[in-house]
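Reading through the structure tokens given below for one structure.
2 protein chains.
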Amino acid sequence: MSQGVEPEVGLRERTRRTVRAELMTIGMNLFILNGYDQTTIEDISAGCGLSKRSFFRYFPSKEDLVFGNLELVGERIAARLGERPAAEPPWLALRGALDFLVTLNLSDPQRSLQLRRMLRDTPALDARRLEKQLRWRALLAAQLARRASPAAESPPPQLRDRAIAASALSCFDAAHDEWVATDAQASLADLLDGAMAAVAPLT
Amino acid sequence: MSQGVEPEVGLRERTRRTVRAELMTIGMNLFILNGYDQTTIEDISAGCGLSKRSFFRYFPSKEDLVFGNLELVGERIAARLGERPAAEPPWLALRGALDFLVTLNLSDPQRSLQLRRMLRDTPALDARRLEKQLRWRALLAAQLARRASPAAESPPPQLRDRAIAASALSCFDAAHDEWVATDAQASLADLLDGAMAAVAPLT
DNA sequence: GCCTTGTTGACAGCCGGTGTCAGCTTCGGC
DNA sequence: GCCGAAGCTGACACCGGCTGTCAACAAGGC
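The listed protein sequences derive, respectively, from chains A and B. Take my numbering: the last position of the first sequence gets the number 371, and nothing is skipped along the way. Take my numbering: the last position of the second sequence gets the number 371, and nothing is skipped along the way.
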């Protein structure tokens with residue numbers, strides 16, 4: 169018995185992770201059901217049998233219940249970008265890296281739709297999502313900087329990389345909104361292709 | 169005497185506008201001096217001889233002290249876009265419209281630098297700026313939709329317009345950040361040219 | 001078994017934001 | 001001028017997100 173897959177992790181850490189996950193699912197369910205602002209932290213923590221104070225020992229803020237994993241997502245996209253062939257032009261490489269986001273959304277389309285609709289009804293929360301995206305921007309720009317780029321001096325390379333990375337993310341947002349508008353009927357990958365091609369050719 | 173330039177506006181409205189303006193300047197000064205989060209609404213309203221409650225009769229929230237005019241700015245940019253020749257390609261037309269933002273920043277560079285630095289230290293506030301920019305995005309996309317565009321069906325026109333508008337705004341952000349990084353030494357207009365040209369040729 | 005460390009609930013407090021209310025000022029009609 | 005309607009104000013109470021503190025308890029290492 170007791171053949172733990174992770175022998176390094178004790179009871180403490182295991183229960184902690186369980187509670188964390190439970191708080192996330194309970195919270196998201198309540199958010200989608202009653203709205204983000206209408207759901208208080210006491211509602212969520214009471215659903216877990218915890219006090220309001222204890223909630224903040226698992227999450228630094230209410231928003232992190234929703235966006236806690238988003239930094240990791242940014243790192244993944246950047247990692248994908250790093251794996252693209254060096255000869256590929258930046259715009260095309262970004263399109264490839266963004267396939268990670270496409271796959272992520274398609275892994276649970278229903279959830280993705282619900283989340284996006286909740287954000288639409290909670291502008292302040294959507295604003296925080298954009299803030300997280302600023303970090304993605306920086307990570308992607310840093311990856312572009314590592315790639316061999318046609319030596320041009322007229323735009324400082326840092327500016328060039330950030331502008332391209334930011335534009336690509338904007339295109340994804342536009343595509344994602346359109347995808348939500350079609351109730352996930354359209355192909356997110358095709359929409360992203362269309363959005364990016366509309367800005368610059370995907371050569 | 170009493171030859172008011174605006175006969176329509178009574179004493180009530182005049183004092184109201186005065187107080188509003190005073191709250192904005194006092195607030196911004198305190199924000200830049202002590203930081204946004206460290207400045208309480210009572211600090212600001214007390215500086216104006218008002219109670220905390222009265223502050224909210226002039227501004228719906230603390231953030232609106234900083235971003236109150238931003239919606240108007242978006243409308244102005246969109247208006248500029250509407251004035252561009254119909255034959256001009258969208259990317260170039262947006263570059264022209266964004267000259268409004270360039271001029272705005274250059275009208276008081278010092279203030280612009282201080283504001284941007286404060287936003288850098290207050291991520292939550294910067295997030296709200298991005299939220300306002302979402303509105304700009306929509307306004308600009310709507311203007312693009314009004315323009316004659318090469319009939320293409322593969323990307324839905326709404327998606328196409330939003331992607332292009334969002335990318336242009338992202339380029340401005342990148343250029344603006346670079347401009348702030350150079351302490352306003354570089355030419356904001358040139359940086360914007362460089363950023364947009366790096367994404368797509370400004371033809 | 002003991003001691004360190006982590007976790008918890010309870011309490012108090014700060015701040016942004018809202019509802020309410022009574023008292024005052026401005027304004028418009030007369 | 002007068003007077004009533006409408007606007008503005010401060011004071012108070014309240015909510016919810018968030019933080020500091022503290023005593024009690026459970027888990028883990030030794």
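C-beta: ideal position from N, C-alpha, C; glycine also. Given the structure is predicted, the values throughout are model-derived calculations rather than measurements.
Original post:
What are the boundary residues of the alpha helix (DSSP H) that includes A/Ile199?
Top reply: Counting from 1 along the first sequence, the entry for residue 199 of chain A is found at position 31. In the sequence on display, residue 199 of chain A carries Phe and not Ile. First-last of the alpha helix (DSSP H) with A/Phe199: Leu179 to Asn202.
Original post:
Under the three-state reduction of DSSP, which class applies to A/Arg252: helix, strand or coil?
Top reply: Position 84 of the first sequence, counted from the first residue, corresponds to residue 252 of chain A. Here A/Arg252 sits in coil by DSSP.
Subject >> Delimiting residues of the alpha helix (DSSP H) encompassing A/Ala342 >> reply: Position 174 of the first sequence, counted from the first residue, corresponds to residue 342 of chain A. Counting along the chain, the alpha helix (DSSP H) containing A/Ala342 begins and ends at Pro325 to Ala349.
Subject >> Sequence-distant residues of the same chain with beta carbon closer than 8 Å to B/Leu281, five excluded per side >> reply: The residue labelled residue 281 of chain B in the question sits at position 113 within the second sequence. Contacts found: Val348, Asp351 and Ala352.
Original post:
Quick one: what does DSSP say A/Arg279 is sitting in, helix, strand or coil?
Top reply: By 1-based counting over the first sequence, the position of residue 279 of chain A is 111. Reduced to three states, the DSSP call for A/Arg279 is helix.
Subject >> Same chain only: Cβ atoms within 8 Å of B/Ala254, ignoring 5 sequence neighbours per side >> reply: In the second sequence, residue 254 of chain B corresponds to position 86, counting from 1. Arg315 and Ala316.
Original post:
Cα separation between A/Arg185 and A/Gly178?
Top reply: Walking along the first sequence from the start, residue 185 of chain A turns up at place 17. Walking along the first sequence from the start, residue 178 of chain A turns up at place 10. When rounded, the distance between both Cα atoms is 11 Å.
Original post:
Thinking just about the alpha-carbon of each residue, which of B/Arg182, B/Pro323 and B/Leu272 is nearest to the one in B/Val142?
Top reply: In the structure as shown, chain B starts at 169 and stops at 371, and residue 142 of chain B therefore has no counterpart that could be examined.
Original post:
Using DSSP with H/G/I as helix, E/B as strand and the rest coil, what is A/Thr271?
Top reply: Residue mapping note: residue 271 of chain A aligns to position 103 of the first sequence, counting from 1. Reduced to three states, the DSSP call for A/Thr271 is helix.
Original post:
Cβ-heavy atom distance between A/Pro228 and the ligand COA below 7 Å?
Top reply: Summarising the ligand content, the structure contains no ligands, and the ligand COA is consequently not present.
Subject >> At least three beta-carbon pairs within less than 8 Å, the segment 252 to 268 of chain A to the segment 352 to 368 of chain A >> reply: yes
**OP:** With a threshold of 16 other CB atoms inside 10 Å of the CB of A/Gln171, please say whether the residue is buried or exposed.
**Re:** Within the first sequence, numbered from 1, the residue matching residue 171 of chain A stands at position 3. In this predicted model, A/Gln171 has a pLDDT of only 41, less than 50, meaning its place in the structure is not dependable; the value taken from the coordinates is given anyway. Label assigned to A/Gln171: exposed.
Original post:
chain A beta carbons: is any one of them nearer than 8 Å to that of B/Val367?
Top reply: Here residue 367 of chain B refers to the residue found at position 199 of the second sequence. Judged by the 8 Å Cβ criterion, B/Val367 is in contact with chain A.
Original post:
Based on Cα-Cα distance, which residue from B/Ala295, B/Thr290, B/Ser322 and B/Glu346 lies nearest to B/Asp205?
Top reply: Counted from its first residue, the second sequence places residue 205 of chain B at position 37. Ranking B/Ala295, B/Thr290, B/Ser322 and B/Glu346 by Cα distance to B/Asp205 puts B/Thr290 first.
Original post:
Cβ atoms of A/Glu346 and A/Ala334: under 8 Å apart, would you say?
Top reply: Position 166 of the first sequence, counted from the first residue, corresponds to residue 334 of chain A. Position 178 of the first sequence, counted from the first residue, corresponds to residue 346 of chain A. In this structure, A/Glu346 does not lie closer than 8 Å to A/Ala334 by Cβ.
Original post:
Mind checking whether B/Leu308 and B/Ile245 have CB atoms under 8 Å apart?
Top reply: Position 140 of the second sequence, counting from 1, holds the residue named residue 308 of chain B. Position 77 of the second sequence, counting from 1, holds the residue named residue 245 of chain B. For B/Leu308 and B/Ile245, yes; Cβs fall inside 8 Å.
**OP:** Along the alpha helix (DSSP H) that carries A/Asp232, what are the first and last residues, could you check?
**Re:** On the first sequence, residue 232 of chain A is found 64 positions in, with the first residue counted as 1. Note, A/Asp232: alpha helix (DSSP H), Glu231 to Phe235.
Original post:
Does the segment 187 to 206 of chain A touch the segment 223 to 237 of chain A, meaning 3 or more C-beta pairs lie closer than 8 Å?
Top reply: yes
Original post:
Along chain B, which residues have their Cβ under 8 Å away from the Cβ of A/Asp341?
Top reply: By one-based count along the first sequence, residue 341 of chain A stands at place 173. The contacting residues are Ala334.
**OP:** From the DSSP output, in three-state form, read off B/Gln353 for me.
**Re:** If you number the second sequence from 1, residue 353 of chain B lands on position 185. Coil.
Subject >> Any chain A beta carbon closer than 8 Å to B/Gly178 >> reply: To locate residue 178 of chain B, count along the second sequence from 1; it is residue 10. So, not an interface residue.
**OP:** State the DSSP-derived secondary structure class of A/Glu239, mapped to helix, strand or coil.
**Re:** Reading the first sequence from its first residue, position 71 is the one you call residue 239 of chain A. Residue state, collapsed to three classes: helix.
Original post:
Rounded to a whole number of angstroms, what is the C-alpha to C-alpha distance between A/Pro369 and B/Ala368?
Top reply: Counted from its first residue, the first sequence places residue 369 of chain A at position 201. Counted from its first residue, the second sequence places residue 368 of chain B at position 200. Rounded to the nearest angstrom, the two C-alpha atoms are 8 Å apart.
Original post:
Using a C-beta to C-beta distance shorter than 7 Å, which residues of chain A count as neighbours of B/Ser322?
Top reply: Start at 1 with the first residue of the second sequence, and residue 322 of chain B comes out as number 154. Neighbours of B/Ser322 on chain A, chain order: Gly362.
Original post:
B/Pro325 to A/Ala313, Cα distance in whole Å?
Top reply: Start at 1 with the first residue of the second sequence, and residue 325 of chain B comes out as number 157. Start at 1 with the first residue of the first sequence, and residue 313 of chain A comes out as number 145. Distance between the alpha carbons of B/Pro325 and A/Ala313: 32 Å.
**OP:** At 7 Å on the CB atoms, spell out the chain A contacts of B/Gln206, in chain order.
**Re:** Looking up residue 206 of chain B in the second sequence gives position 38. Those within 7 Å of B/Gln206 in chain A number zero; the least Cβ separation is about 18 Å.
Original post:
Roughly how many whole angstroms lie between the Cα atoms of B/Phe224 and A/Glu243?
Top reply: Your numbering for residue 224 of chain B matches position 56 in the second sequence. Your numbering for residue 243 of chain A matches position 75 in the first sequence. Answer to the nearest angstrom: the Cα atoms are 41 Å apart.
**OP:** Give a yes or no on whether 8 Å exceeds the smallest Cβ distance from B/Glu299 to chain A.
**Re:** One-based indexing of the second sequence puts residue 299 of chain B at position 131. True, the Cβ-Cβ gap to chain A drops below 8 Å.
Original post:
If we ignore side chains and look at the alpha-carbon of each, how far apart do B/Ala214 and B/Lys220 end up?
Top reply: Taking the second sequence and counting its residues from 1, one reaches residue 214 of chain B at position 46. Taking the second sequence and counting its residues from 1, one reaches residue 220 of chain B at position 52. If I take the Cα positions, the gap works out to 8 Å.
Subject >> Within-8 Å CB hit, A/Gln326 to chain B >> reply: One-based indexing of the first sequence puts residue 326 of chain A at position 158. Closer than 8 Å to some Cβ of chain B, the Cβ of A/Gln326 qualifies, so yes.
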